[in-house]
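Under the numbering used here, the first residue of the sequence shown carries the number 1, and numbering increases by one thereafter.
Here a beta-carbon is modelled for each residue, glycine too, at the ideal position from N, C-alpha and C.
The structure presented is a predicted model; accordingly, all values stated were derived computationally and were not measured.
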Amino acid sequence: MIDLSSLLELEAVLKPSKDPVVLYKHSTQCGMCDGAIEEVQAFEEQKPAEVRVYYLDLLAHRDVSNAIAQKLGVRHESPQAIVLKEGKPVAVFNHRQVKAEALRSATQSASQKW
């Protein structure tokens, strides 16, 4: 996973890209996040090389999390995985929905969309 820790980095991540991007928002004080990060790591082990996965520590970078919610129009949840295509959300997974198979399916679908 690629650490996402600044608004400048977020701007670069949100630039349109033909390849899917996954934004994973994690809280180190959330028990549910422990299981979710394992799912994201499992997805990352099997994903195609062109799919980039970004990790955001919500507690350390709340400003970036707020900017994600505002710019993408996606209500903040934790844990949360957002699949982007061309810089726009095409799938959002919250709480126990964050699963390796769901991310695989969403990124595969996004790869075929445009």
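Can you find the residues in the same chain that come closer than 6 angstroms, C-beta to C-beta, to residue i, ignoring five residues on each side of it along the sequence?
i      : result
Trp114 : Unreliable positioning characterises Trp114 in this predicted model, as indicated by a pLDDT of 42, which lies under 50. The coordinate reading is nonetheless provided below. Answer for Trp114: no residue qualifies.
Leu23  : Tyr54 and Ile82
Lys99  : Glu39
Looking only at its own chain, which residues have a Cβ that is under 7 angstroms from the Cβ of residue i, when we skip the five neighbours before and after it?
i     : result
Lys71 : Leu14
Leu59 : Ser27, Thr28 and Gln29
In or out: residue i buried (at least 16 other Cβ within 10 Å) or exposed?
i      : result
Lys18  : exposed
Gln108 : exposed
Gln80  : buried
Residue range of the alpha helix (DSSP H) that residue i falls in?
i     : result
Asp34 : Gly31 to Gln46
Tell me the residue span of the beta strand (DSSP E) that contains residue i.
i      : result
Lys127 : As shown, the chain starts at 1 and ends at 114. That puts residue 127 outside it, with no answer to give.
Arg129 : One cannot answer for residue 129 here, as it falls past the ends of the chain, which runs 1 to 114.
With DSSP collapsed to three states, give me the class of residue i.
i     : result
Val90 : strand
His76 : coil
Ala81 : strand
His26 : strand
Skipping 5 residues on each side, what residues in its chain have a beta carbon closer than 8 angstroms to that of residue i?
i     : result
Ala67 : Leu7 and Leu10
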